[in-house]
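Chemist:
Chains as they are written, first to last, in my numbering: chain E, 406 to 689; chain L, 26 to 824.
(1) So residue 425 (chain E) contacts chain L; which residues on that side make the cut at Cβ distance below 7 Å?
(2) Return the residues of the segment 799–816 of chain L that lie within a Cβ-Cβ distance of less than 8 Å from chain E, sorted by chain order.
(3) Three Cβ pairs or more, each shorter than 8 Å: is that satisfied between the segment 601–608 of chain L and the segment 682–691 of chain L?
(4) Look up residue 596 (chain E) in the DSSP assignment and give the residues it is bridged to.
(5) Looking at the structure shown, is residue 451 (chain L) part of a helix, part of a strand, or coil, going by DSSP?
(6) Could you check the C-alpha separation between residue 416 (chain E) and residue 547 (chain E) for me, to the nearest Å?
(7) Ordered along the chain, which non-local residues of its own chain (more than five positions away) have a Cβ less than 6 Å from that of residue 225 (chain L)?
(8) Going by other Cβ atoms of all chains shown within 10 Å of its Cβ, with 16 needed for buried, is residue 684 (chain E) buried or exposed?
(9) Taking all protein chains shown into account, do 16 or more other C-beta atoms lie within 10 angstroms of the C-beta of residue 220 (chain L), making it buried, or fewer, making it exposed?
(10) DSSP three-state call for residue 312 (chain L): helix, strand or coil?
(11) Count the other C-beta atoms from every protein chain shown that fall within 10 angstroms of the C-beta of residue 729 (chain L), then say buried if there are 16 or more, exposed otherwise.
(12) Just to check my reading of the structure: residue 706 (chain L) and residue 38 (chain L) have Cβ atoms closer than 8 Å, yes? What is that Cβ distance to the nearest angstrom?
(13) Going by DSSP, what residues sit across from residue 330 (chain L) in a beta bridge?
(14) For the beta strand (DSSP E) holding residue 99 (chain L), just list the boundary residues, first then last.
(15) Please report whether the beta-carbon of residue 407 (chain E) lies at a distance below 9 Å from any beta-carbon of chain L.
(16) Could you check whether the Cβ of residue 781 (chain L) sits closer than 9 Å to any Cβ belonging to chain E?
(17) Could you tell me the alpha carbon to alpha carbon distance between residue 789 (chain L) and residue 802 (chain L), rounded to whole angstroms?
(18) Does any residue of chain L have a CB that is nearer than 9 Å to the CB of residue 690 (chain E)?
(19) Identify, in the order they occur along the chain, each residue of the same chain with its Cβ nearer than 6 Å to the Cβ of residue 520 (chain E), setting aside the five sequence neighbours on each side.
(20) Residue range of the beta strand (DSSP E) that residue 209 (chain L) falls in?
(21) Under 9 Å between the Cβ atoms of residue 274 (chain L) and residue 535 (chain L)?
(22) DSSP puts residue 377 (chain L) in a beta bridge; with which residues?
(23) By a C-beta neighbour count over all protein chains shown, 10 Å radius and 16 as the cutoff for buried, is residue 818 (chain L) buried or exposed?
(24) So with CB distances below 9 Å, who are the chain L contacts of residue 389 (chain E)?
(25) Would you mind listing the alpha helix (DSSP H) stretches within the segment 166–190 of chain L that are 4+ residues and don't spill past its ends, in chain order?
(26) Would the beta-carbon of residue 593 (chain L) fall within 9 Å of that of residue 530 (chain L)?
(27) Is it a yes or a no for the segment 442–457 of chain L touching the segment 744–751 of chain L, going by three-plus beta-carbon pairs under 8 Å?
(28) Out of L:188, L:178, L:583, L:489, point me to the one whose CA is closest to residue 408 (chain L)'s CA.
(29) CA-CA distance, residue 676 (chain E) and residue 560 (chain E)?
(30) How long is the line joining the alpha carbons of residue 823 (chain L) and residue 812 (chain L), rounded to whole angstroms?
(31) Would residue 333 (chain L) and residue 217 (chain L) be called neighbours here (beta carbons separated by less than 9 Å)?
(32) Is the distance from the Cβ of residue 448 (chain E) to the Cβ of residue 434 (chain E) below 9 Å?
(33) Within 9 Å of any Cβ in chain E, is that where the Cβ of residue 668 (chain L) sits?
(34) Please report the distance separating the alpha-carbon of residue 270 (chain L) from that of residue 264 (chain L).
(35) If you scan the segment 238–310 of chain L from start to end, which runs of the alpha helix (DSSP H) of 4 or more residues do you find wholly inside it?
(36) Of the residues L:167, L:152, L:157, L:61, which one's Cα is nearest the Cα of residue 731 (chain L)?
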């Protein structure tokens with residue numbers, strides 16, 4: 406488990422990091438916590454010549470309030486974000502989801518931005534970001550751009566962040582007063598999701614006023630279940646109603662088949678988990 | 026002895042002393058082999074086969090030889106004339122075929138992970154880099170993966186040269202042995218017959234410390250530091266394999282981070298490191314990666330079990346027929362053939378079975394060799410009998426506990442010679458069961474199960490039982506001889522008394538995490554009356570502990586501990602003569618208690634052990650002709666196995682919507698004889714349960730149809746952690762072993778042996794109303810869900 410030889414750079418500003426990326430191009434990999442990158446390097450699945458560590462750029466660690474949105478620095482750790490008062494108040498789903506990422510060690514080293522850019526379809530963070538309509542702030546040599554979560558996940562292990570770019574911030578519209586629940590199905594608690602469903606629901610006057618539902622590991626990227634969301638709006642959050650509303654949640658999905666389950670089993674799970682996630686999110 | 030006794034009340038025996046050996050382990054002061062560095066040391070990296078089965082048509086290591094930092098590179102051909110074959114110490118039948126096992130493959134590779142070339146370099150990183158410069162051409166052969174396919178006509182042969190994939194057939198028939206009747210008669214006359222096939226998946230022993238070896242040559246001798254659980258056996262076998270005189274080999278097992286049977290073998294890496302250290306004349310170290318552990322360290326289990334049990338309609342068992350196909354993997358390692366054979370003695374379990382037949386075919390496949398893993402043959406057998414007892418109960422419409430009660434050996438019937446020929450000297454299955462039922466709250470669980478069934482709760486409750494025994498204390502040497510095992514089963518100890526009355530105890534066992542230093546100190550403190558703190562336990566080094574047979578098969582306490590007792594008793598007898606001389610008393614009038622001799626009936630006259638130790642050291646005034654030494658040694662060969670037993674009860678919640686199984690309650694009562702240190706016992710039980718439950722629910726080595734290892738990392742080989750397991754309810758009954766003076770039986774494997782069938786029985790019990798009679802291990806959510814789907818209509822009705 407010894408990686409092949411690489412150079413290591415730890416810039417202290419975003420500008421330095423971008424300059425290094427420009428210089429080294431696709432010979433470089435960005436280290437953003439290392440919970441996925443280090444195993445990849447040690448298994449020699451990737452052999453970069455340069456590793457650029459973002460861990461010494463303090464501004465990337467901040468979680469701030471920007472009016473209608475929360476702004477999460479890409480290098481904030483799962484544990485830091487999970488416990489942050491702004492997050493527990495305005496993005497319950499994100500807090501709940503981050504609490505179920507891997508194990509405590511990973512949650513203390515791994516970062517929200519690192520997980521998003523890694524874009525593992527079995528990862529949890531992207532699903533919550535997608536459900537909450539997050540926006541990703543990406544900087545590159547030509548300045549900054551913002552990409553909606555819907556467009557951020559391009560494919561298997563592929564995000565919209567270019568080789569010479571960095572994800573710096575995740576902007577999450579405040580979901581104040583919304584419930585949130587992440588129903589994760591695993592065989593071992595520290596595992597990647599076999600399937601998971603993220604749900605955030607706003608209940609007013611005994612009926613669902615608005616709903617967000619997204620799926621983990623039901624395809625190459627996190628998926629929004631918009632037809633389910635629409636079916637939920639205006640309904641009472643009862644077992645039977647929700648069961649009917651989520652019945653089609655796996656339609657059109659193409660989940661993987663592996664040791665943890667074949668595709669048909671995952672499709673079945675998605676239905677069960679979606680019902681449980683929505684009901685829990687609605688406080689039922 | 027069959028009564029449940031009060032726990033002993035001496036201050037040492039039965040005390041949960043905290044572990045003496047932990048401070049250095051948890052403060053970074055441990056000596057793991059991989060932490061060691063010697064002057065001039067080079068590092069090895071091993072290239073392993075990516076093919077399950079292939080001819081090596083060309084191999085070129087020149088590129089590696091010229092890579093930076095490289096000291097040398099070798100293919101199997103380069104060392105073919107010196108490497109010999111890895112030893113197999115257990116030729117279970119005279120006809121057994123052993124095709125030989127090179128450490129580095131020469132002409133052919135036989136599993137993914139088979140070692141094909143090795144590089145030595147100044148740094149571990151340079152060695153690993155240089156592996157990429159080795160060129161090999163393989164001519165692929167078809168893999169041999171399925172045991173039944175492997176023995177079919179026209180099967181691809183793993184080893185063409187031996188003309189078969191079957192290494193051996195080992196048979197036992199109670200009619201022929203005179204220990205029981207004929208199974209054929211039992212089947213012919215049976216009122217009820219139940220046949221089942223159970224699959225024992227392959228498992229990887231999940232030791233924490235990967236294997237590592239460091240070999241230092243000096244003149245014509247070598248010192249070997251290895252993460253082994255068998256330093257003494259390694260010494261002898263390394264000498265025999267490589268033709269090195271045994272007295273020129275010094276083996277040290279320093280701190281070893283767990284083994285579970287996984288470090289009981291002579292590894293290719295130990296042989297390769299020894300060859301290269303001698304070739305290079307400098308120290309050589311190899312440490313495997315976790316991926317290499319999974320791909321190349323031996324696996325455990327791997328059996329197809331075909332069982333037939335017969336009974337009368339009122340539930341009296343009349344016969345048991347067992348046919349095993351045992352997956353040996355690609356080669357025979359140290360104990361490979363013997364592991365399934367150990368199971369032959371345990372299939373009858375705790376039951377009075379009048380007729381029994383056992384057949385085992387050992388079969389080569391293109392997979393990692395199998396060998397011992399915690400329990401070694403006994404978990405497989407216990408699973409088979411405890412699962413089919415439940416199936417028989419279902420067939421009879423009888424409560425599974427009632428069926429067990431009807432057939433088990435009662436405590437009044439002990440000692441009892443089973444149909445497999447073992448004599449159980451002690452045990453009280455009724456008492457352990459009674460306590461376990463209470464501990465689990467069994468009646469309440471049954472009531473809840475009924476409620477959930479009634480209400481069609483999506484989460485169903487299942488209740489599983491395992492009433493087990495096992496054979497421990499490996500082993501009486503004459504029995505091992507009768508089973509064609511190459512070595513004996515005795516254990517050695519010596520006691521060295523220092524001038525100040527402190528004591529060094531040398532044992533031939535080789536602890537690797539269990540806590541023997543603590544437990545043995547308690548035994549010595551109790552017996553010799555010296556303080557616990559004044560005792561040093563020395564082990565794991567063939568220089569300081571020259572005689573021993575090491576640690577496996579739950580033998581350390583019941584064999585090694587008894588040797589310690591015998592050696593201590595010899596010290597006391599020598600000391601008695603000195604005390605009599607000092608006290609001018611008759612030896613027979615002296616009593617020894619609490620570390621001092623007193624004259625019976627004369628209070629006040631007391632000579633402590635320390636005074637005697639100094640008197641012997643100074644030797645100024647000893648009895649005429651007495652040798653000035655209190656030191657002693659003893660070698661103990663057990664008369665019989667010991668037979669721990671217990672009742673394990675498991676309640677699982679099965680989520681019928683997802684197939685997820687959660688353990689709601691796990692309660693077990695183990696009878697391991699006299700407890701020396703209850704905390705250490707609990708530790709062994711807890712860890713054992715974790716590994717047994719892991720077989721039932723989580724772990725499986727998986728190969729794909731091409732023979733590639735799919736479970737190559739801990740992402741896919743799903744080893745559970747504490748977070749995945751429930752809080753265990755444990756208790757003990759105490760029925761001392763009659764075969765040794767400590768009354769101990771061994772506890773290292775009990776939890777693993779007992780728990781697997783308890784969990785699977787519980788899962789099947791939850792689902793039996795649907796008509797489900799088995800779920801293959803590991804009982805993953807998907808397997809459970811598919812079983813439910815196969816037995817229910819889309820409306821959720823039972824098909």
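The beta-carbon is built from N, C-alpha and C at its ideal position, and this holds for glycine as well. Predicted model only: the values in this text are computed from it and were never measured.
Modeler: For this structure:
(1) The premise fails here: residue 425 (chain E) is roughly 24 Å from chain L at the closest Cβ pair, so nothing lies under 7 Å.
(2) 805, 806, 807, 810, 811
(3) no
(4) Per DSSP, none; premise fails for residue 596 (chain E).
(5) coil
(6) A direct Cα-Cα distance of roughly 19 Å separates residue 416 (chain E) from residue 547 (chain E).
(7) 326, 328, 405
(8) buried
(9) exposed
(10) strand
(11) exposed
(12) About 12 Å; that fails the 8 Å criterion.
(13) The partner list for residue 330 (chain L) (beta bridge, DSSP) reads L:223, L:349.
(14) Start and end: 95–100.
(15) yes
(16) no
(17) 12 Å
(18) Given that chain E is displayed from residue 406 to residue 689, the structure contains no residue 690 (chain E) and the question cannot be resolved.
(19) So the qualifying residues of the chain are 528, 530.
(20) Counting along the chain, no beta strand (DSSP E) covers residue 209 (chain L); the unbroken alpha helix (DSSP H) around it starts and ends at 208–214.
(21) no
(22) Note: residue 377 (chain L) sits in no beta bridge, so no partner.
(23) Residue 818 (chain L) is exposed by the Cβ-count criterion.
(24) Residue 389 (chain E) lies beyond the stretch modelled for chain E, which goes from 406 to 689, so this question has no answer here.
(25) For the segment 166–190 of chain L, whole alpha helix (DSSP H) runs of length 4 or above, ordered along the chain, are 172–175.
(26) yes
(27) no
(28) L:489
(29) 23 Å
(30) 12 Å
(31) no
(32) No, the pair does not count as a contact, with Cβ atoms beyond the cut-off.
(33) no
(34) In this structure, the alpha-carbon of residue 270 (chain L) lies about 6 Å from that of residue 264 (chain L).
(35) DSSP assignment within the segment 238–310 of chain L yields the following whole alpha helix (DSSP H) runs of 4 residues or more, N-terminal first: 256–267, 293–305.
(36) L:167
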